[in-house]
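Asks:
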Amino acid sequence: MIGRLTSAVEFAGEEASPWGALKLIAGSANPELAARISEILDVQLTDPRLRRFPDGEINVKIEDSMRGHDVFVIQPTSPPVNEHLMELFIILDALRRASAGRVTAVIPYYGYARKERKTQPREPISAKLVANFITLAGADRLLLLDLHAEAIEGFFDVPTDHLTPYRIIADHLHTLNLQHLTIVAPDAGGGRRAEAVANQLGAPIAFGYKRRSGDDEVEVIAVSGDVKDRDCVVVEDIITTGGTISKLAQALRRQGARRVFVAATHPVLTGDAVQRLKRADIEQVIVTDSVPISPDKLGPDSPLTVLSVAPLLAEAIIRVHENRSVSELFR
Numbered sequence: 005m006i007g008r009l010t011s012a013v014e015f016a017g018e019e020a021s022p023w024g025a026l027k028l029i030a031g032s033a034n035p036e037l038a039a040r041i042s043e044i045l046d047v048q049l050t051d052p053r054l055r056r057f058p059d060g061e062i063n064v065k066i067e068d069s070m071r072g073h074d075v076f077v078i079q080p081t082s083p084p085v086n087e088h089l090m091e092l093f094i095i096l097d098a099l100r101r102a103s104a105g106r107v108t109a110v111i112p113y114y115g116y117a118r119k120e121r122k123t124q125p126r127e128p129i130s131a132k133l134v135a136n137f138i139t140l141a142g143a144d145r146l147l148l149l150d151l152h153a154e155a156i157e158g159f160f161d162v163p164t165d166h167l168t169p170y171r172i173i174a175d176h177l178h179t180l181n182l183q184h185l186t187i188v189a190p191d192a193g194g195g196r197r198a199e200a201v202a203n204q205l206g207a208p209i210a211f212g213y214k215r216r217s218g219d220d221e222v223e224v225i226a227v228s229g230d231v232k233d234r235d236c237v238v239v240e241d242i243i244t245t246g247g248t249i250s251k252l253a254q255a256l257r258r259q260g261a262r263r264v265f266v267a268a269t270h271p272v273l274t275g276d277a278v279q280r281l282k283r284a285d286i287e288q289v290i291v292t293d294s295v296p297i298s299p300d301k302l303g304p305d306s307p308l309t310v311l312s313v314a315p316l317l318a319e320a321i322i323r324v325h326e327n328r329s330v331s332e333l334f335r
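Each residue of the sequence shown is one higher than the one before, starting from 5 at the first, in the working numbering.
As structure tokens, this is what we get:
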């Protein structure tokens, strides 16, 4: 079930923008999210005509004129990542060649974000390569949501706004009547994300400690912090297989946690991730609609609660369109 969050988006009209009329374009990666943003803004959504050739190549045709308009392309690069990335590149190129006044890529989930640095010799920095391709294809600026690594924002040579859903998550946690709350970071790298949520709720922070074995399996060794007899909320950016989160939940239980909740922005949820989370004795897994979730993962016995980031993205789009501050959203 998706929490229908409302947002009073103030739209000053086209005369407030130096970039022409606002246009919204939806890629095929998350049409439901694009439709929610369109509804909030009361701006018609343009769906490009996507054609697939017999050899697997795709072609995009944008039916409406984009000349001189301020265009926002909504396309998370979620699985299948390579296909959605290529579609984004082609849409951006088509808009550039159509003389759009300005093109903003709205990417709620940024694929290849885990590879923002080299950890072994002769490895690529794929997140930087993707950033290069996006700007080369025609993006004049970007709206991004909860990047795996904040350094990725600096990979772009065009204006970039990095949005976070922590207030949305904290508002939902307020409704759960949690007792003796502790926010848990899965590791040291997730400390700033956990701190942002903890500050919203006035809660202490605990940290998980993990190591990887030779076959890249994650082992959660222990949790540092006050978790005994407390409601613990693990804050993460991405859930893919659910393996690390499940092991951390088990470690919290072993150390006496009263209940365990999980809050994650991007529910990639490959394979049997949902079943794995159910077996981990997690009370609730709170995620957003940054990427689409298949209906079979949202049944009545599903641990997932889905909050919409559409109001946040819609407000950011209007602020960019009207040349107003985006950072004010997080003050």
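A virtual CB, placed ideally from N, CA and C, is assigned to each residue, including glycine.
#1: Relative to the C-alpha of Leu49, which candidate in Ser312, Asp68, Ile290, Gln124 has its C-alpha closest?
#2: Helix, strand or coil, according to DSSP, for His73 in the structure here?
#3: How far does the alpha helix (DSSP H) with Gln254 in it extend, from its first residue to its last?
#4: Pick helix, strand or coil for Val313, following the three-state DSSP scheme.
#5: Going by DSSP, what residue range makes up the alpha helix (DSSP H) through Pro84?
#6: Kindly indicate which three-state DSSP category Pro35 falls into: helix, strand or coil?
#7: Go ahead and label Arg196 buried or exposed: buried means 16 or more other beta carbons lie within 10 angstroms of its beta carbon, across all protein chains shown.
#8: Using DSSP's beta-bridge definition, name the partner residues of Gly212.
#9: Using DSSP with H/G/I as helix, E/B as strand and the rest coil, what is Arg55?
#10: Using DSSP with H/G/I as helix, E/B as strand and the rest coil, what is Thr186?
#11: Out of Ile138, Gln79, Asp305, point me to the one whose CA is closest to Arg100's CA.
#12: Glu154 and Leu148: beta carbons closer than 8 Å?
#13: Taking DSSP as the reference, what is the three-state secondary structure of Lys132?
#14: Roughly how far, in whole angstroms, is the beta-carbon of Leu308 from the beta-carbon of Val291, given that I think they are within contact range, below 8 Å?
#15: Is it buried or exposed for Asn327, if we count other Cβ within 10 angstroms and need 16 for buried?
#16: Beta-carbon within less than 8 Å of Thr274's beta-carbon, same chain only, minus the 5 sequence neighbours each way: which residues are those?
#17: Take Gln259 and list the residues in its own chain whose beta-carbon comes closer than 7 Å to its own, dropping the five residues that flank it on each side.
#18: Which residues in the same chain have their Cβ closer than 6 Å to the Cβ of Ala198, if we skip the five residues on either side of it in sequence?
#19: Starting from Ile297, trace the alpha helix (DSSP H) both ways and give me its first and last residue.
#20: Closer than 7 Å by C-beta to Thr168: which residues in its own chain qualify, once you throw out the five before and the five after it? Chain order, please.
#21: What does the alpha-carbon distance come out to for the pair Asn136 and Phe159?
#22: From Phe93, Val77, Glu120, Ser130, pick the residue whose C-alpha is nearest to that of Thr108; which is it?
#23: Report the residue from Pro58, Ile29, Asp46 whose alpha carbon sits nearest the alpha carbon of Ala65.
#24: What is the residue span of the beta strand (DSSP E) that Ala336 lies within?
#25: So what's Arg8 in DSSP terms, helix, strand or just coil?
#26: For Ala104 and Val75, I'd like the C-alpha separation in whole angstroms.
#27: In angstroms, rounded to a whole number, what distance separates the CA positions of Trp23 and His325?
#28: Leu177 lies in the alpha helix (DSSP H); which residues open and close that run?
#29: Just mark Met5 as buried or exposed, buried being the case when its beta carbon has 16 or more other beta carbons within 10 Å.
#30: Give the range of the alpha helix (DSSP H) segment to which Gln279 is assigned.
Replies: Taking the structure as given:
#1: Asp68
#2: coil
#3: 247-258
#4: coil
#5: No alpha helix (DSSP H) holds Pro84; DSSP gives it neither H nor E.
#6: helix
#7: exposed
#8: Val227
#9: strand
#10: strand
#11: Ile138
#12: Taking 8 Å as the cut-off, the beta carbon of Glu154 is found no closer than this to the beta carbon of Leu148.
#13: Looking at Lys132 - three-state DSSP - the assignment turns out to be helix.
#14: At roughly 6 Å, the Cβ-Cβ gap stays under 8 Å, so Leu308 and Val291 are in contact.
#15: exposed
#16: Pro83, Thr244, Thr245
#17: Val227, Val231, Lys232
#18: Ile187, Ala189, Ile209, Val239
#19: Neither: Ile297 is in no alpha helix (DSSP H) and is coded neither H nor E.
#20: Asp150, Ala200, Phe334
#21: 8 Å
#22: Val77
#23: The residue you asked about is not Ala; residue 65 is Lys in the sequence shown. Among Pro58, Ile29, Asp46, the Cα nearest to that of Lys65 is on Ile29.
#24: Lying before the first or after the last residue shown, residue 336 is absent from the chain, which here runs from 5 to 335.
#25: Because Arg8 sits at a pLDDT of 42, beneath the cut-off of 50, its placement in the model cannot be relied upon, and the point is left open.
#26: 7 Å
#27: If I take the Cα positions, the gap works out to 7 Å.
#28: 170-178
#29: Below a pLDDT of 50, predicted positions are generally treated as unreliable, and Met5, at 45, falls in that range; no measurement from the model is reported.
#30: 277-283
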